[in-house]
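Each residue of the sequence shown is one higher than the one before, starting from 2 at the first, in the working numbering.
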Amino acid sequence: MALCQRIVDQHGGHIGVDSELGQGSTFYFDLPTA
């Protein structure tokens, strides 16, 4: 996850996670358009 964070940061994006006990986690990221 740390590597993903670095890559997304270098491209000016954001990364996050939503977690629900007993349901799992959803990881997401967004990057600016060119």
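C-beta: ideal position from N, C-alpha, C; glycine also.
The model shown is predicted, which means the values in this text are computed figures rather than measured ones.
Residues near residue i in its chain [Cβ-Cβ closer than 8 Å; skip 5 each side]
| i | result |
| --- | --- |
| Y29 | I16, G17, V18 and D19 |
| Q6 | I16 |
Beta-carbon proximity list for residue i, same chain, < 7 Å, skipping 5 on both sides
| i | result |
| --- | --- |
| G14 | F30, D31, L32 and P33 |
Same chain only: Cβ atoms within 6 Å of residue i, ignoring 5 sequence neighbours per side
| i | result |
| --- | --- |
| V9 | I16 and F30 |
| H12 | L32 |
Start and end residues, beta strand (DSSP E) containing residue i
| i | result |
| --- | --- |
| T27 | G25 to D31 |
Opposing strand residues paired with residue i [DSSP bridges]
| i | result |
| --- | --- |
| V18 | F28 |
Range covered by the alpha helix (DSSP H) that runs through residue i
| i | result |
| --- | --- |
| A3 | A3 to Q11 |
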